[in-house]
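Let me begin by presenting the structure, written as structure tokens, before commenting on it.
Protein chains: 2
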Amino acid sequence: MNVMNDSPRRKELTRQAAQLFVQEGFDRTTVRMLAQEMGIKSGSLFHHFRDKQEILAAVIEEGTQNALIIARAALDDCDHTAEARLQAMARAHLETLLTDRNAHVVALYEWRRLDPEARDHLSHLRDAYEALWEAVIDEALEADLIHGDRFLVSRFVMGALNWTVRWYDPAGPRSPDDLAHELVAMITQRPA
Amino acid sequence: MNVMNDSPRRKELTRQAAQLFVQEGFDRTTVRMLAQEMGIKSGSLFHHFRDKQEILAAVIEEGTQNALIIARAALDDCDHTAEARLQAMARAHLETLLTDRNAHVVALYEWRRLDPEARDHLSHLRDAYEALWEAVIDEALEADLIHGDRFLVSRFVMGALNWTVRWYDPAGPRSPDDLAHELVAMITQRPA
DNA sequence: GGGTCAACCAAGCAAGCGCTAGTGTAAATC
DNA sequence: GATTTACACTAGCGCTTGCTTGGTTGACCC
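Chains W and A, in that order, give the protein sequences. With my numbering, letter number 177 in the first sequence gets 177, and the count goes up by one each step, no holes. Counting from 1 along the second sequence, just add 192 to a position and that's the residue number in my numbering.
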């Protein structure tokens, strides 16, 4: 048994699992479906993961870590104005969410399926990501760019962004950048 | 068999099913769990519903219908200014989401589990609800209360509202009315 | 060339799944 | 009083589920 290491093989299998989890949802994805997608037999799967739960945890861990990295990079690369930073975060979030970042979608929509143990471990990662958002929101509030309750505003913004996976069509005319612009314009009330 | 009527008995069973679907998710809820919650044996369940799918469809149908009724009533009862109507819709949405929680949450989060046939039938109901929103957004745009792309704005607002089920604590200090105020203030950029 | 090891497979178990068939029964209807 | 209706029961079928077991393969190592 190979459990709990992070071999390249396991990384690859995790990536493929994410795709299926997005397509079918965690509960509807059987170990046999996973195995077929991976090109192995269902039994072999348990050489890499202790159980099905652990696959989910692995996917979510990678997704959240990815989101964190991308968000941090976006913040480092943009101007240091409150508006630019707000926009950078929104764009990074959307890109992560929409340009085939399966793992991130799973992190958002299958969180409840984690057992308490895994949830506890992973919630720290998620908190780090949300802290990034709250910092940017704080700056925007301080710069008088937006107004209102810090907690509520960040929740509303995250909600608006996370909901995009339900309706956004990446093949359509709007780019993630467009969406980010429009969202920031909406809450800062400047002409788009 | 009693399928497809809407006896009071069936209404009550549907209500109980909604609770379990919220707690466990549709896939994790077995017919045996449903039956136990309803105080009958699993076989008896199929006297009221053709299959498990139909229970889900019944729950979602009731949830959406409820939301429609409440939203229409809220619009009828409020001032005819764009701002009042926007606020009334937001408050109605939140109240639906947070008080009569179960059915509406299922409608939001188990939609994908419907088979194509049921989805087709129910999408008309959902479209009617969304049309209400888009009308209110249109008025707000026309009144210069908010700016931007009609489609995007309504999606963002719905996202912010729907996301509340993930973090809102009805026992906390904030009322649905508070949330609605804050949200409208955020997108119209007036002091809360 | 024997030993090690990750990676895989074939076969299948025990449990649980949605659902069906056939029956019982009390109240309503004729 | 006979028939129908609504609602519940018991028993279990056929299938799928997550996971286990015991063994094989081939690459690499001293």
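Cβ coordinates follow ideal geometry from the N, Cα and C atoms, glycine included.
Residues near residue i by beta carbon distance below 7 Å, same chain, minus five either side
i	result
proline 308/A	none
alanine 160/W	Leu183
valine 31/W	Ser42, Leu45, Lys52
aspartate 177/W	Arg91
serine 154/W	Trp133, Glu134, Ile137
methionine 350/A	Trp325
threonine 256/A	Ala299, Leu314, Leu317, Arg318, Tyr321
alanine 259/A	Thr288, His296, Tyr321
C-beta neighbour in chain W for residue i, strict 8 Å
i	result
threonine 356/A	yes
tryptophan 325/A	no
alanine 352/A	yes
isoleucine 379/A	yes
valine 345/A	yes
aspartate 312/A	no
leucine 226/A	no
arginine 304/A	yes
glutamate 374/A	yes
arginine 342/A	no
leucine 371/A	yes
arginine 264/A	no
Bounding residues of the alpha helix (DSSP H) (the contiguous stretch that carries residue i)
i	result
lysine 52/W	52 to 77
aspartate 330/A	308 to 334
lysine 233/A	Careful: lysine 233/A lies outside any alpha helix (DSSP H) and carries neither H nor E.
phenylalanine 21/W	8 to 24
valine 298/A	293 to 301
isoleucine 379/A	368 to 380
valine 153/W	150 to 162
alanine 92/W	82 to 98
Residues near residue i in its chain [Cβ-Cβ closer than 8 Å; skip 5 each side]
i	result
proline 383/A	Annotation note: pLDDT 48 at proline 383/A (below 50); position unreliable, no value reported.
histidine 339/A	Leu333
alanine 265/A	Ala284
valine 3/W	Only weak support is given to the placement of valine 3/W: the predicted model assigns it a pLDDT of 47, under 50, and the question is left unresolved by the model.
arginine 119/W	Trp111
arginine 201/A	His240
Any chain A beta carbon closer than 8 Å to residue i
i	result
aspartate 127/W	no
phenylalanine 46/W	no
aspartate 115/W	no
glycine 63/W	no
phenylalanine 156/W	yes
aspartate 144/W	no
arginine 91/W	no
glycine 25/W	yes
glycine 172/W	no
arginine 28/W	yes
Given residue i as reference, the closest of the options once Cα atoms are compared
i	options	result
glutamate 62/W	Val165/W, Leu13/W, Trp167/W, Gly39/W	Leu13/W
valine 59/W	Gln16/W, Met89/W, Val136/W, His147/W	Gln16/W
threonine 380/A	Glu275/A, Thr288/A, Ala323/A	Glu275/A
aspartate 144/W	Leu98/W, Leu108/W, Thr81/W, Ala35/W	Thr81/W
phenylalanine 156/W	Phe343/A, Trp359/A, Gln279/A	Trp359/A
alanine 280/A	Leu289/A, Thr288/A, Ala263/A	Ala263/A
leucine 152/W	Glu302/A, Asp361/A, Arg277/A, Arg342/A	Asp361/A
leucine 371/A	Leu278/A, Asp341/A, Arg305/A, Leu306/A	Leu278/A
arginine 304/A	Asp219/A, Lys203/A, His239/A	Asp219/A
leucine 75/W	Ala57/W, Glu139/W, Ile40/W	Glu139/W
aspartate 149/W	His373/A, Tyr301/A, Arg201/A	His373/A
threonine 99/W	Leu114/W, Gly39/W, Thr164/W, Arg10/W	Thr164/W
Residues near residue i by beta carbon distance below 6 Å, same chain, minus five either side
i	result
asparagine 102/W	Ala18, Gln19, Val22
histidine 93/W	Leu161
glutamate 37/W	Gln16, Leu20
proline 365/A	none
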